[in-house]
Each structure stands twice: as structure tokens, then as C-alpha cells.
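There are 2 protein chains.
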Amino acid sequence: MKVAVDAMGGDNAPEAIVKGSILARDEYNLSVILSGKEKEVKQLLEKYTSSFNKIEIINAEEVITNDDKPVMAIRRKKDSSLVVACNAVKNKEADAVVSAGSTGALLSGGTLIVGRIEGIQRPAIGSLIPNMSGGFALLIDSGANVDSKPEFLYDFAMMGDIYLKKVMNVENPRIALANIGAEKSKGDKLTVETYELLENTKLPMNFIGNIEAREILQGKADIIVCDGFVGNMILKTLEGTVLELMKGLKNELMSSTRTKIGAALIKPALMNFKNKFDYSEHGGAPLLGVKAPVIKAHGSSDEKAIKNAIRQAKMCCESNVNELIEESITRR
Amino acid sequence: MKVAVDAMGGDNAPEAIVKGSILARDEYNLSVILSGKEKEVKQLLEKYTSSFNKIEIINAEEVITNDDKPVMAIRRKKDSSLVVACNAVKNKEADAVVSAGSTGALLSGGTLIVGRIEGIQRPAIGSLIPNMSGGFALLIDSGANVDSKPEFLYDFAMMGDIYLKKVMNVENPRIALANIGAEKSKGDKLTVETYELLENTKLPMNFIGNIEAREILQGKADIIVCDGFVGNMILKTLEGTVLELMKGLKNELMSSTRTKIGAALIKPALMNFKNKFDYSEHGGAPLLGVKAPVIKAHGSSDEKAIKNAIRQAKMCCESNVNELIEESITRR
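So the sequences go chain by chain: H and U. For the first sequence, counting from 1, position 227 maps to 213 in the working numbering; every step adds exactly one. For the second sequence, counting from 1, position 121 maps to 107 in the working numbering; every step adds exactly one.
Shown next as C-alpha cells:
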């Protein structure tokens, strides 16, 4: 098994990417292709490992940044680390792609180069949201598509279901529709019509109805289905609130000698608390509905997060997620 | 000035409602009409005040609950505390309505009984979101409408602008559109078209472009405009995250003797931190676009929150928010 890794994508690239790739190779017995500026990547490899076994470099001189327009960047920057990594999958030199770079560019690369699975109109990004009880939920779509149709959301549910069962080993995942109320009749046109589709599915999906945004962190559902605009709002509101609260709490704790002593005493508890929201443990967010596993690692990924994202790519390959999605299309 | 207060709506009704009404009468020199079960309300008034000056009761034997279907409840429960309060405004016996009961029912009562302002297709709920720096933003629409059109969102911005300027005394409020990215071209069809409308407005509105959900608590905008489905997702995700984090933090702090001592030391700081998210300080959420001030107090309102919601109703009346909205329609 070979995973193509975009060595230049992400806030900590290329160092964290190269280190994470070495860790993944050593731990999971797989091969890694690093696409990026050869000289730079080679220097880092020499610095962090004594063996080049199962690690190769494909040179790519360009880098796609968050400022680039995704579709245009994929079309024009043919020699970028991301395009080169996606092409490696297209040309069967690699089995999967991992990138911590621009989400939009990876989405375009996944759709335009790796290619959509026939019958899937819109590939979607599934993001794992950790909750306070140590579990998580898959939010799909968390930002790939806007102006979705009911059939798209139905497919998001179907793809998320396969991913959770096969890759995350969740038995009979509870699928819920993000909505403004619990009743079937609640919500906008899209949600009401999607409810109807999910309720009447012929696939073995465990649809449990609507979930309100307030309940998302309570672990009531394993898969939360929504349009990408809505999913982005949920995910970013959640991330922003956690960040601002932690910052606000820190300020309060540093406000007097008394609170500083208190803060020192609760530090291990606070770290424990913070770790519950550590996204890097779960790897990255899969782009589901394309012909090979495409994993988006968080932009701020460190080596551990990259290692986990590569593990996730491996698990997607081994569990045949993409083949199972293709198969489900005929039965939906 | 007379404010009609739904004495039976909310988790702590009728006690907190009656107490809050007495406080408001005493502090703001206004008259209150309490609609609800006369005997019960009278007993509470006798318990908490020695003077019935400027407080009257209108008997209403029915109560609308969160389980009732809003529109149907408004039509059928003619003798409910909410319908009676709304009718008091319609019949010019009161100048404004306050309720801590079902949001949907108040929305229906406001729209069907108090009545839409001519030219406003969709009244909207504006919710104040406090941020860590002590400020707040008005999220409009936070849940009244789904499947909005660009013109609706434009009107939400216009109404929020007037409300913030006149009632909350914010000078030149910064209006932003909730979106998945900063660029004008980002987002779904609704958002892209609303951007165009807001950018070209003839009204003196300070439109600053898109805001991502991650930035909402950072105080970058004073008014956040969105469809009610999206607004509900933002508001409920935010509330849910704050609640779950506080619960999770509490659990961690109670986990050992060491952390318990630490917790005792930081308690004042924690309270201070918690107070920043105290919604009751700001009163309630106005339903904008109806012919008289209609204020939704939080379901869990205590007497202080009710008092503040009544103050807010008074301020809406005094600043002629509704007349100003009517006037703006002709110039938009």
C-alpha cells in the first residue's frame, strides 16, 4: 500500500509532514510518496530518518496556498505538490492522498483529478466532532457543497454510514439530520424532503430523525447529516466557541495571585479537558464520494496528526470504503 | 406606557414573571398588564407587592406549551395567556408584548395577531450573542424563517440596524453576512445574492462583508445576518458548546482533592467568566417587522431577565423602532 502525501500543505509543512510520514511508515508498515520540493524534503528525510526504505519523493516545484482559488489552482499549478499527489493516485502509483493544505484545493483535486465515483453527484467532507464523553460524531457535509439537493444529503448519509461502519468500527451508527426542531415537519424544504428519503431508505441505515444543534456535543447521534453551508456553520461555530472560551478562561485564571495558584492546581485537569477536544487523535476528514481515499488533515496538523491521517488513509483502502460506496449506489 | 406580559409562559412562570413585572413597574415607571390565570396571578401579586398601582390582570384560562403546534395554538387557544396578551396590543390596550413561552407561538402571535408591518414579508428574531470582550452581536434571523430569499435577508439587516442604533445605542453598527468564507463570491446562492443587495443599499447601513462562523465571538461585527435555519444552527451550537464545556470543566475540577482545592481558589474567576455569557442581562430577543414591540424572553428567564425584557419593550416603544422600520421600507 502506498499513500501519496502532500509534503508542502499545512501550517507546519514540510517539517511536520515529513516527520509524520516517517512515523506512519515505521508504525503501519506502508509506503509513502512525498510530493514537494525535492531538495527540501530530502534534507528533512536525511535529518529525521536513517532509512529511505518505503519512502520516495516526487518533485513538485509549486505550492497551492489558501489564497489561491481552488479550481483555478488545480488547473494552473500543474507542478504543485497537491496536483502531483492527486495525479499519483490517478495514475495508480499511489492508493490514497493525504493533505493538510487548502481544503478547497483538495476538494477540487479530489473531484477533478482523482475523480467522482459514478453516481455520486457531490463528494462530501466528513469531519469528526469529539464530544465530552470521549466519543465523536461525523458531521457530513462539513463544507464541500452549498445549495444541496435532498438526494445529495441522502448520499452523504449513505457514505458516512459506510465510513463509520468500516473505518471507525461503529456498529449500526445512528444517523440524524441537523434541524431546528425534533419533529418531522420542522425545518427548511431541503431538510423536510431529505427526512422523507432517509425514512424510506432500502439500505440498512439506522436513521433516528432530527437532531438540534444544541445536542450535537451530547453524543445522541453518530452521523450528523446536513448541507455543507450549514455544516460549515456548525463546525466553525463549535471550533470558535471552544477557542474563545479557552482563551477567556485562561485570562480569568491569570487575573490574580489567588487564581494563578488555583490554575496551577487544576492544570492537569485542564489539560485532560483540553485533550478531549484534540482533533489530531482522529486523523483527518475524509472526502467521500471520490474514486480513492482522499484525507484532509487539519491545517495546523503536527507530526502526530499527519501520522494518524495516513493511518486513516490506510484503513480506508483496506476496508474498501470506495468500492462499498459504489456498490451501495445501485441499491439506494 | 403599558406592556402586556404573558404571565404563564416560560419555565419559571408564573412566579418569576410576576416578580419581574413588579420590579419593572417599580424601576422603569411603566404599567404592566399580566395575562394569565387570574387567581394564581393575583395571589402572587399579593405575596410580592403591597401596591396594585400600575399593574392589572387580564384573565386567560389557557396556556400554550412547547408541545402545541404554534399556528394552530394561536388559532385555537383563544383564551391562552399569549393570545390574550397579543390581543391587548392589537386592541391598543397595551403598547408591547413580552413572553418567555414558546418561541414559535410568540412568532405566530406576533405575525398573525399583532400583525406584520406592511412591506416586510418576514418578521425575524434578533438574538444578542455576548462575546468574551464584554460586547455582543445581534444574530438576525436566529430562527423565525427558513428558506429565506435575498430580500428577506436584506430586510433583516435593515431592521437589525435600526434596532441596534435606536435601542442598543450602537453607533454605525457593522453589518456582516454569515458565510463560509470571506470573499464576495463565497457561499450559497442566497448569500451571494444578499451580498449584492447589501453592497448596493441606498440606506445608511455599514455593510462590512462576510463573517465566518469561527469569528462570531471575536466581536468583528455588530449584526450578523443569515437565514433562520442557519441562525438557529449558529445560536444552538454556541449555546450547546458553552453548556457542555462548562459541564465538562466542572467534572474535571471535581475529579480529585487537588483539583477541588484549585477549583475553590478560582471560583470567583469562574463566576466572572460565566457571567460574560449571561443572556439575562440583555433582556430578550425582539421579533422585528411586526407592528408593535414583541419581545421573546429566554425560556429559563428568572425575574431579573423578565425585568430586563420589559425594559427592552419600553425602549423599543420609546425609540419608535417600528415606525422607523416602516419608514425605511420606502427608501430601501
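All C-beta atoms in this analysis are idealised placements derived from N, C-alpha and C, irrespective of residue type, glycine included. Just so we're clear, the structure is a prediction, and the values are computed from it rather than from any experiment.
Query raised in the report: How many Å lie between ILE99/U and GLU104/H at the Cα?
Result: 53 Å
Query - Beta-carbon spacing of PHE215/H, ASP133/U below 8 Å - result: no
Report task. Output yes if chain U places a C-beta closer than 8 Å to the C-beta of GLU201/H; else output no. Result -> yes
Requested in this report: With a cut-off of 8 Å on the beta carbons, I'd call ILE296/U and ALA10/U a contact; round off their distance for me.
Outcome: 4 Å
Query raised in the report: Name the chain H residues that come within less than 7 Å of PHE259/U, Cβ to Cβ?
Result: GLY234, LEU235, GLU238
Query raised in the report: Should ILE220/H and ALA199/H be called a contact, given that it needs their Cβ atoms to be closer than 8 Å?
Result: yes
Query raised in the report: Does PHE122/U get closer than 8 Å to chain H when you measure Cβ to Cβ?
Result: no
Report task. Kindly indicate if chain H contains any beta-carbon less than 8 Å away from that of GLN107/U. Result -> no
**Report entry** For SER355/U, three-class secondary structure by DSSP
**Finding:** No answer is possible for residue 355/U: it lies beyond the span of chain U, which begins at -13 and ends at 318.
Query raised in the report: Can LYS293/H and GLY6/H be called in contact, C-beta distance under 8 Å?
Result: yes
Report task. State buried or exposed for ASN39/H, treating a residue as buried only when at least 16 other CB atoms are found within 10 Å of its CB. Result -> exposed
Report task. Determine whether the Cβ of ALA255/H lies closer than 8 Å to any Cβ atom of chain U. Result -> yes
Query raised in the report: When you compare only the Cα positions, how much space is there between SER171/U and GLU201/H?
Result: 32 Å
Query - Per DSSP, the bridge partner or partners of SER85/H - result: LYS282/H
Report task. Answer with yes or no whether the minimum CB distance from ASP(-3)/U to chain H is below 8 Å. Result -> no
Requested in this report: Taking 8 Å as the cut-off, decide whether the C-beta atoms of CYS72/U and GLY87/U are in contact.
Outcome: no
Requested in this report: Using only alpha-carbon positions, find the residue among THR316/H, CYS303/H, ILE311/H, GLU313/H that is nearest to VAL75/H.
Outcome: CYS303/H
Query - Inter-residue spacing [alpha-carbon to alpha-carbon] between ASN158/H and TYR149/H - result: 11 Å
Query raised in the report: Taking THR227/H as the reference, which of GLY205/U, GLU238/U, LYS246/U has the closest Cα?
Result: GLY205/U
Query raised in the report: From this set, ASP208/U, ALA278/U, ILE161/U, GLU24/U, which residue's C-alpha is nearest ILE194/U's C-alpha?
Result: ILE161/U
Query raised in the report: By DSSP, does SER36/U sit in helix, in strand, or in coil?
Result: coil
Query raised in the report: Can you tell which of GLY(-5)/U, ASP53/U, GLU26/U, ALA168/U has its C-alpha closest to the C-alpha of VAL70/U?
Result: GLY(-5)/U
Query raised in the report: In this structure, what does DSSP give as the bridge partners for GLY121/H?
Result: Answer is none; GLY121/H lacks a bridge partner.
Query raised in the report: Quick one: what's got a C-beta closer than 7 Å to ILE50/U's C-beta in the same chain, skipping five residues either side?
Result: ALA59, LYS63, SER66, LEU68, GLY87, SER88, ALA91
Report task. Kindly give me the distance between the Cβ atoms of ILE8/H and VAL27/H, rounded to whole angstroms, as I take these residues to be in contact under 8 Å. Result -> Rounded, the Cβ-Cβ distance is 11 Å, inconsistent with contact.
Query - Chain-ordered residues of the stretch 205 to 225 of chain U with a beta carbon less than 7 Å from chain H - result: PHE215, VAL216, ASN218, MET219, ILE220, LYS222, THR223, LEU224, GLU225
Query raised in the report: Can you tell which of SER37/U, ARG108/U, PRO279/U has its C-alpha closest to the C-alpha of CYS212/U?
Result: ARG108/U
Query raised in the report: From what residue to what residue does the alpha helix (DSSP H) around LEU184/H run?
Result: 175 to 185
Query - Residue-level contact to chain H via CB, ALA110/U, 8 Å cutoff - result: no
Requested in this report: Under 8 Å between beta-carbons, which chain U residues line up against LYS282/H? List them in chain order, please.
Outcome: Ordered by position in chain U, no residue passes the 8 Å Cβ test against LYS282/H, which lies about 15 Å from the chain.
Query raised in the report: So the beta strand (DSSP E) GLY(-4)/H belongs to, where does it begin and stop?
Result: GLY(-4)/H -> no beta strand (DSSP E), and no H or E assigned at all.
Report task. State the start and end residues of the unbroken beta strand (DSSP E) segment that holds VAL57/U. Result -> Looking at the DSSP string, VAL57/U is not in any beta strand (DSSP E); the run it does join, the alpha helix (DSSP H), is 56 to 62.
Report task. Could you tell me if GLN298/H is buried or exposed, where buried requires 16 or more neighbouring beta carbons within 10 angstroms of its beta carbon? Result -> buried
Report task. Mind reading off the beta-carbon distance from LEU203/H to MET118/H? Whole number of angstroms is fine, and I expect it under 8 Å. Result -> 6 Å
Requested in this report: Could you name the residues of the same chain whose beta carbon sits closer than 7 Å to that of THR223/H, not counting the 5 residues immediately before and after it, in chain order?
Outcome: none
**Report entry** DSSP bridge partner residues for PHE193/H (one or two, in chain order)
**Finding:** ILE161/H
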